[in-house]
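Asks:
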DNA sequence: CTGAAAGCGCTAACAG
DNA sequence: CTGTTAGCGCTTTCAG
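Chains as they are written, first to last, in our numbering: chain A, 836 to 1171; chain B, 836 to 1171.
1) Distance, Cα to Cα, residue 1173(B) vs residue 1067(B)?
2) Measure the beta-carbon distance from residue 933(A) to residue 916(B) and round it to whole angstroms, keeping in mind my assumption that it falls under 8 Å.
3) What does the Cβ neighbour count give for residue 1085(A), buried or exposed, with the cut at 16 atoms within 10 Å?
4) Report yes if the CB atom of residue 956(B) is closer than 7 Å to the CB atom of residue 922(B), and no otherwise.
5) 7 Å is my cut-off, CB to CB: does residue 913(A) come that close to chain B?
6) Can you have a look at residue 948(B) and say buried or exposed, based on whether 16 or more other CB atoms are within 10 angstroms of its CB?
7) DSSP three-state label for residue 1156(B), please.
8) Closer than 7 Å, CB to CB, is residue 844(B) near chain A or not?
9) Please return the same chain residues whose Cβ sits closer than 7 Å to the Cβ of residue 972(B), not counting the five positions on each side in sequence.
10) Is there at least one Cβ from chain B nearer than 7 Å to residue 882(A)'s Cβ?
11) Using a Cβ cut-off of 9 Å, which residues of the segment 991 to 1016 of chain B contact any Cβ in chain A, in chain order?
12) Return the Cβ separation of residue 994(B) and residue 1155(B) in integer angstroms, given the expectation that the two are a contact with Cβ distance under 8 Å.
13) Classify residue 988(B) as helix, strand or coil using the three-state DSSP reduction.
14) Just to confirm the assignment, what range does the beta strand (DSSP E) spanning residue 1222(A) have?
15) What in chain A is Cβ-close to residue 885(B), meaning under 8 Å?
16) Taking residue 1008(B) as part of the beta strand (DSSP E), name the residues at either end of that continuous run.
17) State buried or exposed for residue 780(B), treating a residue as buried only when at least 16 other CB atoms are found within 10 Å of its CB.
18) Count the C-beta pairs between the segment 1094 to 1101 of chain B and the segment 879 to 895 of chain B that are closer than 8 Å, then say yes if the count reaches three, no if not.
19) Please name the residue in 879(B), 1048(B), 1090(B) and 958(B) whose C-alpha comes closest to that of residue 1076(B).
20) If you measure beta-carbon to beta-carbon, which residues of the segment 1117 to 1129 of chain A are closer than 8 Å to chain B?
21) One question on the structure: do residue 1088(B) and residue 1123(B) come within less than 7 Å of each other, judged by their Cβ atoms?
22) Between the Cα of residue 989(B) and those of 974(B), 983(B), 1000(B) and 996(B), spot the shortest distance and give me the residue it belongs to.
23) Pick out whichever of 1129(B), 1014(B) and 987(B) has its Cα sitting closest to the Cα of residue 1166(B).
24) Helix or strand or just coil, what does DSSP make of residue 1110(A)?
25) Is DSSP giving residue 926(A) helix, strand or coil here?
26) Would you decide whether residue 1036(A) is buried or exposed? Buried here means 16 or more other CB atoms lie within 10 Å of its CB.
27) Counting only Cβ pairs nearer than 8 Å, list the residues of chain B close to residue 1115(A).
28) Pull up the DSSP beta-bridge partners for residue 933(A), would you.
29) When you compare the CB positions of residue 842(B) and residue 997(B), do they come within less than 7 Å of one another, or not?
30) What separation, rounded to the nearest whole angstrom, lies between the Cα atoms of residue 926(A) and residue 901(A)?
31) Tell me the rounded alpha-carbon separation between residue 1100(A) and residue 1106(A).
32) Could you name the residues of chain A that residue 930(B) contacts, counting a contact when the two beta carbons are closer than 7 Å?
33) Are residue 1173(B) and residue 999(B) close, meaning C-beta to C-beta below 7 Å?
34) Locate the beta strand (DSSP E) running through residue 1034(A), then write down its first and last residues.
35) Name, in chain order, the residues that DSSP records as bridge partners for residue 1162(A).
36) Please report the straight-line C-alpha distance between residue 1001(A) and residue 913(B), rounded to a whole angstrom.
Right, here's the structure in full:
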């Protein structure tokens, strides 16, 4: 490796090490003359500072750790992108670890993140994380933000999506379009997130004065195309099928649409659909109306929480709520 | 930050700094007794080594840089995942920079990667990269591997997909299913990749003795749903529409299917479709037959090239070809 | 098998 | 405005 050091640059430019440091970092007074000399040498030699040395000395890095779980759902990828963008706007870079939901060793990953001395850690959806692991991070005063599925942890912040409101709005939207027999397909509410969406569905129904019909609620084990398809079969093959169905993931919608297609049922003519995530809905036939999360905001807020936690350390746990927006497309029929 | 150092551990365990280093790194002779003492202290205190210090001293990191371009196409995300997996199997971690196709500053990103002193750099699709930027990386003897869209560069390695063969096989598959009027929808072949796929299509046609019909070839500006839909309109609204269409991206297939859906044309009854990428095809209605790239292999080979380049430095440029596999689903009708 | 010693390249006081 | 100095936490000879 042919890496020059600051000392080399200093010698070449005829100045001291410190002066080079000042222009590299862009802070501290340096006369225009010397600054230009140094910049010229840096330009000519292609000198690039050594982050390891900077980090060692300053005890800071420009790295943000991100622990996420492998998932066919494009949602997590979008979160990751959003985080990346927000981080790089502030001069940070995200080191992402994607663990396998079943076999991934969370503890090892967190240790690696600590080893890198990241400026903060974001955890997106964290099944299988123990309080002990989190404690280790928090004990070292590394700012921690959790997204989507969160765990209570003293001293960490959380970002949640306004799932209940999002789901309620979706159902209300269907109601206002004249639908009264509205089905629900979602993951079994063993986690808060799913419970909120189901609750939103029920609130939406209640808001329209529609009595609940449990036979219209299909709970799946996970968010997969296959399960969406099974749910579709269950709902479509009923004698009295719903006029509309709200699903808590675009992935489920994909499967549901396959079930429709097999039966030669058309959307929205034969049945109306609303999805959730807004990840795949625009690509489907027909393009599906879906509940979109404010992705840009999500990353921004996560980084913001990380940065401000560093200042007022030991503060209370904070929680920020991300809004949702219903994106209208062509999958809902107006029944008037 | 409450980080202990190796010196702390040494003191606590009653051994020397060096001995702690040996057990942390797991190499060098240490008596069972002392090793256990050290391990106990590390376990109790939750000590985690400082990568910056390790890297500074050893002049090595466990980081692999990845430069990729922001793209709605899930293909790049899959490549990224594959790379991550392969890297972590060898104890490396991937630092990914996703730049905006138009505005992203490649030079700055590469500098940042150099600053991190990454063990190697992988570049996936690299429009807008100058030879100068690449030269800077290569000049510092950092192993470099390019994927998908590659640039010639002395001392760097490349991974290409067997696009021509993949496309040819797809067309041949349609031929064997009885199709003779086969359309093509793909991105304008201003890059090698697209040119190879188009050439594969032509070879497939030639193999079946089918004369080329340029009116059946639709070239788009980019891989988007919208362009796929436009292409669909163009091909479907012809008096003599093709019995099958091969498309060079699943994203295009999505749009094409929307055009079909609007016209109430059914796949594969009215028209047969084969996609490329195998990223979205399984989620569509109907599930679409698509050309899949051997993703697992891709990451493995990339990391392998990086690692071996470190040894036989200054070697020739190497190129490895990734095979494709046609995944059969329900979008092709047999015409007999 | 173990320890002492010498830095890696850089930052951050502190004097000039 | 500029330079000198002292390490950051770890790896790596080199002697015991």
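No residue lacks a Cβ here, since even glycine has one placed at the ideal position from N, Cα and C. None of these values were measured; they are calculated from a predicted model.
Replies: Reading off the structure:
1) What the structure shows of chain B is the stretch from 836 to 1171, and residue 1173(B) is not part of that stretch, so it cannot be assessed.
2) The residue labelled residue 933(A) in the question sits at position 98 within the first chain. The residue labelled residue 916(B) in the question sits at position 81 within the second chain. 7 Å between Cβ atoms; contact.
3) Within the first chain, residue 1085(A) is the residue found at index 250, counting from 1. Per the 10 Å Cβ criterion, buried.
4) The residue given as residue 956(B) occupies position 121 in the second chain. The residue given as residue 922(B) occupies position 87 in the second chain. No.
5) Counting from one through the first chain, the residue named residue 913(A) turns up at place 78. So no, residue 913(A) is outside the interface.
6) The residue given as residue 948(B) occupies position 113 in the second chain. Result: buried.
7) Residue numbering aside, residue 1156(B) sits at position 321 when the second chain is read from its first letter. Strand, per DSSP.
8) In the second chain, residue 844(B) corresponds to position 9, counting from 1. No, no contact with chain A.
9) The sequence position of residue 972(B) within the second chain is 137, counting from 1. Leaving aside the five residues that flank residue 972(B) on each side, the residues in its chain whose CB is nearer than 7 Å to its CB run, in chain order, 945, 949, 956 and 979.
10) Stepping through the first chain from its first residue, residue 882(A) is reached at position 47. Chain B, which has no Cβ nearer than 7 Å to the Cβ of residue 882(A), makes this no.
11) none
12) Against the second chain, residue 994(B) aligns to sequence position 159. Against the second chain, residue 1155(B) aligns to sequence position 320. The pair is a contact, with the Cβ atoms about 5 Å apart (cut-off 8 Å).
13) Start at 1 with the first residue of the second chain, and residue 988(B) comes out as number 153. Three-state DSSP puts residue 988(B) in coil, outside helix and strand.
14) What is shown of chain A runs 836 to 1171, which leaves residue 1222(A) out entirely.
15) Here residue 885(B) refers to the residue found at position 50 when the second chain is read from its first residue. Those within 8 Å of residue 885(B) in chain A are 891, 950 and 952.
16) In the second chain, residue 1008(B) corresponds to position 173, counting from 1. Segment 998 to 1011 is the alpha helix (DSSP H) holding residue 1008(B); no beta strand (DSSP E) there.
17) The displayed coordinates of chain B run from 836 to 1171. Any statement about residue 780(B) would go beyond what the structure contains.
18) no
19) Along the second chain, one-based indexing puts residue 1076(B) at 241. The option with the nearest alpha carbon to residue 1076(B) is 1048(B).
20) 1117, 1118, 1119, 1120, 1121 and 1122
21) In the second chain, residue 1088(B) corresponds to position 253, counting from 1. In the second chain, residue 1123(B) corresponds to position 288, counting from 1. Against a cut-off of 7 Å, the Cβ pair of residue 1123(B) and residue 1088(B) comes out as a contact.
22) Against the second chain, residue 989(B) aligns to sequence position 154. The shortest C-alpha separation from residue 989(B) is found at 974(B).
23) Here residue 1166(B) is taken as the residue at index 331 of the second chain, counted from 1. Ranked by how close their Cα comes to the Cα of residue 1166(B), the residues 1129(B), 1014(B) and 987(B) have 1014(B) in first place.
24) Position 275 of the first chain, counted from the first residue, corresponds to residue 1110(A). Of the three classes helix, strand and coil, the one that applies to residue 1110(A) here is strand, per DSSP.
25) Position 91 of the first chain, counting from 1, holds the residue named residue 926(A). It is coil, neither helix nor strand.
26) Numbered from 1 along the first chain, position 201 holds the residue referred to as residue 1036(A). It is buried - the Cβ of residue 1036(A) has at least 16 other Cβ atoms within 10 Å.
27) Here residue 1115(A) corresponds to residue number 280 of the first chain, with the count starting at 1. 1115 and 1118, listed in chain order.
28) One-based indexing of the first chain puts residue 933(A) at position 98. Answer is 903(A).
29) Within the second chain, the letter at position 7 stands for residue 842(B). Within the second chain, the letter at position 162 stands for residue 997(B). Going by C-beta atoms, residue 842(B) is not nearer than 7 Å to residue 997(B).
30) If you number the first chain from 1, residue 926(A) lands on position 91. If you number the first chain from 1, residue 901(A) lands on position 66. Approximately 16 Å between the Cα atoms of the pair.
31) If you number the first chain from 1, residue 1100(A) lands on position 265. If you number the first chain from 1, residue 1106(A) lands on position 271. The straight-line gap from Cα to Cα measures roughly 8 Å.
32) Stepping through the second chain from its first residue, residue 930(B) is reached at position 95. Under a criterion of Cβ atoms nearer than 7 Å, the residues of chain A adjacent to residue 930(B) are, in order, 928 and 930.
33) Because chain B here runs from 836 to 1171, residue 1173(B) falls outside it and cannot be looked at.
34) Reading the first chain from its first residue, position 199 is the one you call residue 1034(A). Note, residue 1034(A): premise wrong, no beta strand (DSSP E); alpha helix (DSSP H) at 1027 to 1042.
35) Here residue 1162(A) is taken as the residue at index 327 of the first chain, counted from 1. Answer by DSSP bridge pairing, in chain order: 1125(A).
36) Numbered from 1 along the first chain, position 166 holds the residue referred to as residue 1001(A). Numbered from 1 along the second chain, position 78 holds the residue referred to as residue 913(B). Each residue's alpha carbon lies about 29 Å from the other.
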